[in-house]
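Using full-length UniProt numbering, read the sequence shown as starting at 1 and increasing by one per residue.
The C-beta atom is built at its ideal place from N, Cα and C for all residues, glycine as well.
Just so it is clear, the structure is predicted and the values come from calculations on it, not from any experiment.
Let me begin by presenting the structure, written as structure tokens, before commenting on it.
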Amino acid sequence: MAEAVLGIVTPLSNKILPLVTDKISRAWGVKKDLQKLAEKLEMIKALISDAQNKQLITSEAVQFWLKKLRSIALDAEIVLDDFGYELLRRKIENRKRDKVRSFFSSSNPLSFRLEMASRIKNVTSSLEEAYKEANQIGLHPVELIITAPDHKEDRITDPFVDESELVGREDDVSKVVSMLMRSDYKKDLPVVSIVGMGGQGKTTVSQVVLKNDHVVKYFEERIWICVSDDFKVERVLYEMLQSRGGTNVEMTNREALVVRLQERMKRKRCLLLLDDIWNESREKWDCLRKCLLEIGASQGSKILVTTRSHVVASVMQTSSSHELGVLSNDHSWMLFEKLAFADGVARKTPELEDIGRRILKRCGGVPLAIKAIGGILYSMKDKSEWSMIEKSEIWSNADGVFFALKLSYEHLPSLSVKQCFATCSIFPKDTRMIKEELIQIWMAQGLINHPKGGDHLQMEDIGSNYFNILLRSSLLQDPEKDIYDNIISCKMHDLVHDFSLEVSNNYLFDTENGSVIKNDTEVVHLNLILREGKMLNVEGIPPKLRTLYLEVEDYAVLEDLLKRFKYLCVLKLVCYNAIHLPNAVGDMKQLRHLDISETKITTLPDSITKLYNLMTLRVNRHLENIPKGFVNLVNFKHFCCWTKYFEN
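Next up, the structure:
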């Protein structure tokens, strides 16, 4: 919670400075109010630092104080953004006026000036009250540790281990391949399961199996579906069809999906890989199996499943199962060595090797934990730093995997990088995150500051550096590269995703799985999935949302829903029935990132040219024109056209 609050408070100082120095702001007479607000924010940051130093973060009183402070910080952010927007609006509109009218319109907006002065004073007063309450619960300001600017950190390009280079899993791959090659199964469409606990490498093993020469030669069609928590028959069928190049079918029409799959897969020997299954409903599995048999694949077709649960393997009527165990000591060391000493044996002193082997024992042979620890130690160059990791008290309070993730997070080089990691939890599990899009979202959320001084780096360069840090730390993984060897996307392991939700205040809400948004939770970033026919009480969602990923099947609910969230900085709409941009979007003055690539919107309204803070617009190929006033979007940086077709 403390770092989540710091993630809001810290960037506010950067927003205040340009407002204080602006000539219109000075003319309005709010300079002193802004300076006082800046002073209070610095005092509050010092109090949070004291809470962290005294290990009081788990205190109930401190947690309550931080929760209240988070709400105040959000209010302050909204006030400053509103103020900044008004300054920007007047400057843009004044370009069209003569100097005399410009002077009077800039210098005498009495009603707005009074309103803004009042809002700034109210926020400052709330911070003063929070400061007094902090003293009552034993918090006192301490000197903040000043770190180097974010963009100065970790300039070196780090090596990444190719996850297809398995360590200690060659026998596992061979056994699973043999199971798939067998022809003596009595049941049609037999299921082969890979079972193992989280972080063991089930997904990596299955990926290598899918690319095995024998498997490629034997199976004419090989389809990969990551199921995770979202086990729905229609979704699995739809993604199967999508992987075969066909998507022009209603996703909810099961019969239509089966017919289309018959056209592509009938009489072909197929391997369907269902990764990360959690479903324990026999009824759902029987329904999917019936549909798969109806498709009419050739004799010898099989299903390969990865799961953490033997119960799931049983429900899916597994014909043959392989248990994925922990790595041996030798294989654990081989994997650790690849990461911790990635730049060669020159760094591998006897002292570091001894410490490394002792640390490795605590990872319990779990590949995910080994990768996380190896990634941390790679950036540490001397014995004292390695010893600090070995002696950390966190080992006694957590298992190897959780400790490794927590340690990776704690050793990220700045608060900005930590906040960028936390933001990744807004994506559903197993989402392949596009690097370019992820960096643009970080920029829109204010997590990447403008480079200072004479540095020629752009914000995008700093974001790319953050991305590489997270990848090297194994908090992001499975990088996908283009033909030029540039990383274009990545994924996040399920356990890492759970951890990122824990250190953030993000929320993934799916009306299908019955999630509930608690009224006492100050949600800032929300992923909202509204299934057809499901109702939602929007009153339960705080109106101060800054990020909203909204997936909805019924366009009619969009307008009313979006009217509530006028403070959004990031908005992603997924609605394949949408052909018009909801009017409410034109009122989102603080919007910096708008993604309508997964809609069929063909025309942008003139109101979008009033979104002066907009930095990124992601659209689909159906877009026909752009309003003439687009030149007014003075902060605009990225126009991205999604080229994926909705039709065949």
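Exposed or buried, residue i, counting other C-beta atoms within 10 Å across all chains shown (16 or more means buried)?
i    : result
Y484 : exposed
R357 : exposed
P350 : exposed
E115 : exposed
N519 : With a pLDDT of 48 at N519, under the threshold of 50, the modelled position of that residue is not reliable, and no figure is offered here.
K211 : exposed
T21  : exposed
G138 : exposed
M492 : buried
H151 : In this prediction, H151 scores a pLDDT of 43, lower than 50, which makes its location untrustworthy; no coordinate-derived value is stated.
D50  : buried
L110 : exposed
S169 : The sequence given here places Arg at residue 169; Ser does not occur at that position. Buried is the call here.
M388 : exposed
K99  : A caution first: K99 carries a pLDDT of 47, below 50, which makes its placement in the model unreliable, though a value can still be read off. Looking at its Cβ environment, which holds fewer than 16 other Cβ atoms inside 10 Å, K99 is exposed.
I488 : exposed
A556 : exposed
T147 : Here the model assigns T147 a pLDDT of 43, short of 50, so the residue's position is not dependable and the matter cannot be decided.
L17  : exposed
H140 : exposed
P543 : exposed
E3   : buried
S164 : Because the pLDDT of S164 is 48, which lies under 50, any placement of that residue in the model is unreliable, and the number read from its coordinates should be weighed accordingly. Under this definition S164 is an exposed residue.
H322 : buried
L293 : exposed
T599 : buried
D33  : buried
N577 : exposed
E86  : buried
K383 : exposed
Can you name the start and end residues of the beta strand (DSSP E) that residue i belongs to?
i    : result
L558 : Premise fails: L558 lies in the alpha helix (DSSP H), L558 to L562, not in any beta strand (DSSP E).
R618 : T616 to N620
T21  : Per DSSP, T21 belongs to no beta strand (DSSP E); it is in the alpha helix (DSSP H), A2 to T21.
Q477 : Q477 to K481
V552 : T547 to V552
E598 : H593 to E598
V574 : V570 to V574
S489 : I487 to K491
H525 : H525 to L530
Can you tell me where the alpha helix (DSSP H) with residue i in it begins and where it stops?
i    : result
Q63  : E60 to N94
I441 : K435 to A444
T307 : Per DSSP, T307 belongs to no alpha helix (DSSP H); it is in the beta strand (DSSP E), K302 to T307.
L604 : From DSSP, L604 is part of no alpha helix (DSSP H); its letter is neither H nor E.
I370 : P367 to Y378
S178 : E170 to M181
D354 : P350 to K361
D494 : D494 to V503
R472 : M459 to R472
C420 : L415 to T423
V123 : L110 to Q136
K383 : K383 to E390
Assuming residue i and residue j make a contact with CB atoms under 8 Å, what is their CB distance in whole Å?
i    : j    : result
F219 : C270 : 6 Å
D275 : W224 : 7 Å
C490 : L476 : 4 Å
C641 : R621 : 6 Å
Y378 : A422 : Going by Cβ atoms, the distance from Y378 to A422 rounds to 23 Å, so no, they are not a contact pair.
T124 : L37  : 5 Å
L571 : L594 : 5 Å
At a threshold of 7 Å, does residue i count as lining the ligand ATP (C-beta to nearest heavy atom)?
i    : result
V173 : This structure does not include the ligand ATP; it has no bound ligands of any sort.
- Item | Contained beta strand (DSSP E) runs [length at least 3] in the region 184 to 258, N- to C-terminal order | 191 to 195 and 221 to 228
task = Evaluate contact between the region 357 to 370 and the region 324 to 336, counting only Cβ atoms and requiring at least three cross-stretch pairs below 8 Å.
result = yes
Determine contact between the region 404 to 416 and the region 574 to 594, defined as no fewer than three beta-carbon pairs at a distance below 8 Å. no
### Task
Scan the region 276 to 342 and note each continuous beta strand (DSSP E) run of 3 residues or more that stays entirely inside, going in chain order.
302 to 307 and 318 to 323
Using 8 Å as the threshold, is the region 408 to 428 in touch with the region 439 to 451, meaning 3 or more CB pairs across them? yes
**Asked** Does the region 75 to 83 come within contact of the region 616 to 629, defined as at least 3 CB pairs closer than 8 Å?
**Response** no
Could you check whether the region 236 to 245 touches the region 180 to 197, counting it as contact only if at least three pairs of C-beta atoms, one from each stretch, sit closer than 8 Å?
no
* Asked: How do the region 198 to 207 and the region 309 to 319 stand: do at least 3 beta-carbon pairs fall below 8 Å, yes or no?
  -> no
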